[in-house]
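S.K.: FYI, in this note's numbering the residues of the sequence shown are 37 to 84.
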Amino acid sequence: MNLDNVVIVLDRPGESRNIGAVCRAMANCGIRILRIVGTKKSDIDSDA
Numbered sequence: 037m038n039l040d041n042v043v044i045v046l047d048r049p050g051e052s053r054n055i056g057a058v059c060r061a062m063a064n065c066g067i068r069i070l071r072i073v074g075t076k077k078s079d080i081d082s083d084a
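1) Considering only the beta carbon of each residue, do VAL42 and ILE67 sit closer than 8 Å?
2) Using a Cβ-Cβ cut-off of 8 Å (strictly less than) and excluding sequence neighbours within five positions of ARG48, which residues of its own chain qualify?
3) With DSSP as the reference, please indicate the residues paired to LEU70 in a beta bridge.
4) With a CB to CB cut of under 6 Å and the five nearest residues on each side skipped, what residues in its chain are close to LEU70?
5) Quick one: what's got a C-beta closer than 6 Å to ARG53's C-beta in the same chain, skipping five residues either side?
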């Protein structure tokens, strides 16, 4: 099976460890394209 055109999309992942787990699973399956979209509401509203 050719997975060159498979894209995994994470929508507002809550924690960095979620991204890491997805990346490890993708590597094990030979999937190479990851897109992260959106931000957490707290990121937008912070006064940093």
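Cβ coordinates follow ideal geometry from the N, Cα and C atoms, glycine included.
M.R.: Looking at the atomic coordinates:
1) Yes, Cβ-Cβ distance for VAL42 and ILE67 is below 8 Å.
2) Once the five neighbours on either side are set aside, the close Cβ partners of ARG48 are VAL73, GLY74, THR75 and LYS76.
3) Beta-bridge partners assigned by DSSP to LEU70: ILE44.
4) Contacts found: ILE44.
5) Contacts found: none.
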